[in-house]
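The next block holds one structure in the form of structure tokens; read it before the comments.
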Amino acid sequence: MVVKVNNSREYVFTEKDFNSLRKIANNHTGIIVTDDKYDMYYARLVKRIRALKLGSFADYVKYLKNNMSMEFTPFIDSITTNLTSFFREPHHFEMMRDSIIPDLCGRSDVGQGIKVWSAGCSTGEEPYTLAITLLDELGGIRNAPKPKILASDIDTTVLAKASRGVYELSRVEGLETGIKRRWFFKGKGSNAGNVRVSPELQKVIEFKQVNLMQEWPITGRFHIIFCRNVVIYFDKPTKTKLLNRYADQLVDGGYMILGHSESLQGLTDRFQTIGKTVYKKIG
Ligand SMILES: C[S@@+](CC[C@H](N)C(=O)[O-])C[C@H]1O[C@@H](n2cnc3c(N)ncnc32)[C@H](O)[C@@H]1O
């Protein structure tokens, strides 16, 4: 292991401190923290050190261990990577529209609702994109089932932003005009420069904190699970366990969608590949 320690900074951050912090992160979230995250850890956690008026990273490690119930949330919120966007990896939403939603609408196990889980939803762009896709598609079908989306993350700061549903205008600029017109309202006055998502989207989404490494406070099964750009940070045994738990949480023939650099290959045989990072539960 070669961590490039930088000694010329405001606060001392030794390899031992980094190792302690990444071990705590890994134990609680499953995230593998590689050596190259040393600088990122410094940049993100230095804010906590200032806020708590501590003298070094060693002090922060001690503080975190002694005040786990209080400091755990700000710690996790600081170190997670939350990059996301509306209609990210658009082929998934095209596939939803062209084949997944039509398939589900014809199935008896759907009943009154199509249940979807956006696991690791970050600031909400993914579940709102799901809501737009489902409402737009189901709106044109008679007696269509209603969408019901669970959007979860471990990070409470991003979840708060997600449930608020207010974004900078630039986040939606590239979207189709019709989508912007139907589903986003431009802010005025002090809200100029922002958009708010339509309450119709918020009505079909429940936001909830869920740590994927722990018990899930969830009842019932889903027809579709999106878990994109989350498992990439986990080691192989953690990925295998999580993906088998997802299989248990899906109905038979349910859909599992991963991120662009993720795959089920060599992890579980409970799914068949039906598209680019799109899988169907077979067992
Ligand atoms: C890069 S974002 C992906 C956002 C969205 N799914 C997408 O693809 O655009 C990864 C998210 O996974 C969350 N995450 C990481 N480990 C987690 C865990 N153990 N339980 C729940 N969420 C976790 C992070 O907080 C972060 O918001």
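So the sequence shown is residues -10 to 272, counted in our numbering.
In this text, a Cβ means the ideal position worked out from N, Cα and C, and glycines have one as well.
Given the structure is predicted, the values throughout are model-derived calculations rather than measurements.
- Between I246 and H81, the gap from beta carbon to beta carbon is short of 7 angstroms.
- With a cut-off of 6 angstroms, the C-beta of M245 is classified as distant from ligand 1, since no heavy atom of the ligand falls inside that distance.
- Short note on M59: C-beta not closer than 6 angstroms to any heavy atom of ligand 1.
- Here the distance from the Cβ of S250 to the nearest heavy atom of ligand 1 is not below 6 angstroms.
- Within its own chain, the residues whose Cβ lies closer than 8 angstroms to the Cβ of L253, once the five positions on either side in sequence are excluded, are L232, M245, L247, F260, T262 and Y268, listed in chain order.
- In this structure, ligand 1 has no non-hydrogen atom nearer than 6 angstroms to the beta-carbon of V240.
- At least one heavy atom of ligand 1 lies closer than 6 angstroms to the C-beta of R217.
- Counting along the chain, T166 sits inside the alpha helix (DSSP H) bounded by residues T166 to W172.
- Secondary structure of H212 (DSSP, three-state): strand.
- Straight-line spacing of the CA atoms in I90 and L123 works out to 8 angstroms.
- In terms of side-chain proximity, the C-beta atom of V161 is found no nearer than 6 angstroms to any non-hydrogen atom of ligand 1.
- Looking from the CA of T266, the closest CA among I221, S45 and I38 belongs to I221.
- Contact holds between the segment 99 to 113 and the segment 142 to 155, because three or more Cβ pairs, one in each stretch, are under 8 angstroms apart.
- Looking only at L127, E78, P79 and D144, the smallest Cα-Cα distance to D92 is reached by L127.
- Under the rule that a run must span 4 or more residues, the alpha helix (DSSP H) segments found entirely inside the segment 76 to 127 read 80 to 84, 90 to 94 and 114 to 127.
- F260 has K270 as its beta-bridge partners, per DSSP.
- Within the same chain, Cβ atoms closer than 6 angstroms to the Cβ of V50 are found at D6 and S9, the five residues on either side in sequence being excluded.
- Under the DSSP assignment, L72 falls outside any beta strand (DSSP E); it carries neither an H nor an E label.
- Taking 6 angstroms as the cut-off, the C-beta of G19 counts as close to a heavy atom of ligand 1.
- Counting C-beta pairs closer than 8 angstroms gives three or more between the segment 192 to 205 and the segment 130 to 149, which meets the contact rule.
- If you check the CB distance, C216 and A108 come in under 7 angstroms.
- Take E60, set aside five residues on each side of it, and the residues of its chain with a beta-carbon closer than 6 angstroms to its own are L53, in chain order.
- For D25, DSSP records no beta bridge to any residue.
- Secondary-structure assignment with DSSP links F46 through no beta bridge to anything.
- 7 angstroms or more divides the Cβ of S45 from the Cβ of V99.
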